[in-house]
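Throughout the sequence shown, residue numbering follows numbering that gives the first Met the number 0, covering 0 to 41 in sequence. Idealized CB from N, CA, C, for every residue including glycine. None of these values were measured; they are calculated from a predicted model. Here's the structure, in structure tokens; my notes come after.
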Amino acid sequence: MQKKVPRHRPLHARDVTATTALYQKWLEYLSFKEKEESAIDF
Numbered sequence: 000m001q002k003k004v005p006r007h008r009p010l011h012a013r014d015v016t017a018t019t020a021l022y023q024k025w026l027e028y029l030s031f032k033e034k035e036e037s038a039i040d041f
């Protein structure tokens, strides 16, 4: 056990940015799907 692992690892700004980007892409995908489905309904 040479590695010292902190109990609460602080989130790096890079991780937060990546997570936010993924979340935004997911939201865009959901809204895009909704638009497609509503377009198909017409």
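Euclidean distance between Cα positions of residue i and residue j
| i | j | result |
| --- | --- | --- |
| residue 15 | residue 3 | 23 Å |
| residue 27 | residue 21 | 10 Å |
| residue 35 | residue 19 | 24 Å |
| residue 32 | residue 25 | 11 Å |
| residue 11 | residue 29 | 27 Å |
Secondary structure of residue i, DSSP reduced to three states
| i | result |
| --- | --- |
| residue 3 | coil |
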